[in-house]
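Some notes on the structure that comes next.
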DNA sequence: TTGTTACTATTTTTT
DNA sequence: ATAGTAACAA
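Residue numbers (UniProt numbering): 1 to 775.
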């Protein structure tokens, strides 16, 4: 490992291919984009020939290096935009990179057709050669719902008990195999018995056959079939070897085996492959990422140069020191020493609290304090290990009226109503899409249930035709009872009509028509649940978004690959997210709650993957701490509700692994029950005595906060909200209102900008007026 | 076929 | 606690 380091340093003196570049070129003034880089970054950008691994620690300018490198390749004329393959994991990263390359080159990147996610690029390559892997170029890409439905069918067809052999389990097994590049015919003996008493391979193969029947692929196939394509057709691979002069990979520590193999095949062409990553930030092992890929880079790509970026531009000395000390407890790492030219800054604070409610309250107060001192909420984040931890914070922030945003929650295209709507549109466009057809067959309810579906499936299977086709012929026979028969006939007629309208009207109008006439919109309008309103909004949003595309087909292709929608970034809000979602982001102040054994490190990670699991959890902690520019505040609760029951918790071992010189142990003022909950003690650990903080008022407030059913005026700071509530409408007692989180309710009491509302579902809650709307 | 009740499995999450 | 699912009754 030390050798790598030496290697990197010496390489700086003589870039390997310098002599290939004409002297006139070398003597030119450095282009402006190189000036902004430090020597290591510049080396990473300019070392263009042969394999390069850039080990980029947290906050060392990884994205900058990657984008500048692309810009450099283009600006020096080494390759045309279409000759550079750049892969990322997320659409967000791809978008960002595209934009930043564009900024540096002044638009040359416009046509970088091969900058995208592994899956998008895989799909693109596969479409050009579909026949070579038993597909038609128009193949559809299944989402997880479709995949699960299909696997369920396969399990049923095999005559297995779904309860004993749950489809989800097989789905994740198949996923795992595909991640490791294992196709159905190559399933190792030991994996055979991982499902259904040795029938694993048989089921995997049956599933693959069904995919081919449907002319469909799942996400794993986008890579696995790509591998097969390259292996079975060397001439195709050779074509891409000639095509791609430079390969770049972002977040290399997150690659799985299939991606690695895919990449290695492509890199066999001219070996100009540059991978950027940080072994210390590998946190996706549970979904197939192999840290080994990055650890083994030099073996896999002979002659590789390793360049370390160790100068951190983000965090203070104490934060880096604490994070480095923690991660040093991991065994399998390449090793980096991050340093900063910043000052030491504040030490990390660690504090124990009584329970999750107190944790949320103290952090809430701390945030208000920061806000009073002029900190933007946008610069503050709370990073949790598991999403259930978010609830306490959301509840607290809603009562405080503290604006927050949840990052990475349920994504737009994952929502039920969006998937349903898309299923309708997909079937309109492509009647042969059986899985989507099944999805909407009885949504809304039209009396076409399990029994009808069974008849349809049987018929379709016998004739070897899609369900919609089978349905049509079934209408001619007497196999179905009159009622379902009529319903089915109506549905088919509707689809025919919509299909006919495809050419007649803009696709957004058609979408509205389909959703209206199918009764889908009506279904949600009649739904009384608090989310129904939001769902209808989402449907409107979907149609608005469709307007950005030229055609329905174009829109649907986008949706199948790009599962995320742009996050709204308006307003000054605290960010709330999981540690996983936080990778790549940074904030001035980061709160890290829930550092307790069992939660963080998570018990499941320990049980499932032992030491490797623990090390991944530790990397997660490292990622969390290094998100902070100035302040990291760790808390742990002594008591936490797990699955409804209270459990005593002990502080995470990670707390004790933090080097003491970088950490300040904040006293736990309320932890042992001396101070009443609700007292003004912040996470800095200093009791903030204020004029309104007499013991009596504390008790009063504790009563109000603790016992839910609060009455009387609120004593929590109302003044913070002045700016947000300026334009809030005024309400009357007894008025019906709608609240994003709690649904519909009736106003029971008004205190300035705070309302007490009896919610239909959620009961009596105290909310801020700006958070509700008239109904 | 639909609505009700009982039961179970609850980290992280992209494509 | 809770949500999502499966068996069961109407």
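Using N, Cα and C, we set each Cβ at its ideal position, and we do this for glycine too.
Just so it is clear, the structure is predicted and the values come from calculations on it, not from any experiment.
Going straight from the alpha carbon of residue i to that of residue j, what length do you get?
i           : j           : result
residue 143 : residue 340 : 44 Å
residue 337 : residue 623 : 15 Å
residue 410 : residue 195 : 30 Å
residue 655 : residue 662 : 12 Å
residue 54  : residue 302 : 15 Å
residue 757 : residue 525 : 23 Å
residue 93  : residue 115 : 10 Å
residue 773 : residue 519 : 27 Å
residue 495 : residue 427 : 8 Å
residue 192 : residue 473 : 40 Å
residue 347 : residue 600 : 21 Å
residue 44  : residue 548 : 38 Å
residue 284 : residue 408 : 15 Å
residue 674 : residue 639 : At residue 674, the pLDDT of 39 sits below 50, so the modelled position is not reliable; the number obtained from the coordinates is stated separately. Their Cα atoms are separated by approximately 16 Å.
residue 541 : residue 413 : 11 Å
residue 121 : residue 52  : 22 Å
residue 136 : residue 130 : 5 Å
residue 592 : residue 415 : 29 Å
residue 234 : residue 643 : 54 Å
residue 279 : residue 367 : 32 Å
residue 489 : residue 444 : 15 Å
residue 422 : residue 556 : 8 Å
residue 485 : residue 502 : 26 Å
residue 245 : residue 362 : 55 Å
Quick one, which of the options has its alpha-carbon nearest residue i's?
i           : options               : result
residue 434 : 447, 456 and 78       : 456
residue 264 : 231, 288 and 251      : 231
residue 769 : 400, 65, 355 and 85   : 400
residue 312 : 292, 344, 591 and 296 : 344
residue 169 : 62, 204 and 347       : 204
residue 387 : 480, 594 and 297      : 594
residue 381 : 111, 576 and 151      : 576
residue 80  : 62, 105, 97 and 91    : 105
residue 356 : 392, 296 and 613      : 392
residue 323 : 734, 629, 747 and 736 : 629
Can you name, in chain order, every residue of its own chain whose Cβ lies under 7 Å from the Cβ of residue i, other than the five neighbours on each side?
i           : result
residue 497 : none
residue 154 : 203, 206, 207 and 210
residue 317 : 340, 342, 343, 344 and 345
residue 187 : 177, 200, 201 and 204
DSSP beta-bridge partners for residue i?
i           : result
residue 540 : Beta-bridge pairing links residue 540 to no other residue.
residue 749 : 756
residue 651 : 596
residue 664 : 349
residue 383 : 577
residue 404 : 574
residue 773 : 738
Which first and last residues belong to the beta strand (DSSP E) in which residue i is found?
i           : result
residue 646 : 645-648
residue 80  : Taken as a continuous stretch (DSSP letters only), residue 80 belongs to no beta strand (DSSP E), as it is neither H nor E.
residue 524 : Here residue 524 belongs to no beta strand (DSSP E); instead the alpha helix (DSSP H) covers 520-526.
residue 637 : 628-642
residue 130 : First-last for residue 130: undefined, no H or E at that position.
Cutting at 6 Å between CB atoms, please list the residues of its own chain near residue i, excluding the five before and the five after it.
i           : result
residue 651 : 636
residue 100 : 67
residue 487 : 446, 447 and 448
residue 467 : 434, 437, 456 and 460
Which stretch, first to last residue, makes up the alpha helix (DSSP H) that contains residue i?
i           : result
residue 495 : 482-501
residue 91  : 91-105
residue 178 : 167-179
residue 458 : 450-463
residue 331 : Looking at the DSSP string, residue 331 is not in any alpha helix (DSSP H), and its letter there is neither H nor E.
residue 147 : 144-157
residue 784 : Residue 784 is absent from the model: the chain starts at 1 and stops at 775.
residue 307 : Looking at the DSSP string, residue 307 is not in any alpha helix (DSSP H); the run it does join, the beta strand (DSSP E), is 305-309.
residue 556 : 552-561
Can you name, in chain order, every residue of its own chain whose Cβ lies under 8 Å from the Cβ of residue i, other than the five neighbours on each side?
i           : result
residue 329 : 618 and 657
residue 694 : Confidence at residue 694 is low in this model, with a pLDDT of 31, below 50, so the placement of that residue is unreliable and no value is reported for it.
residue 125 : 226, 229 and 240
residue 385 : 578, 579, 594, 599, 600, 602 and 620
residue 211 : 142, 150, 217, 218 and 221
Say yes only if the C-beta of residue i is nearer than 7 Å to one or more non-hydrogen atoms of the ligand NAP, and no if none qualify.
i           : result
residue 233 : The model on display carries no ligand, and the ligand NAP is accordingly not part of it.
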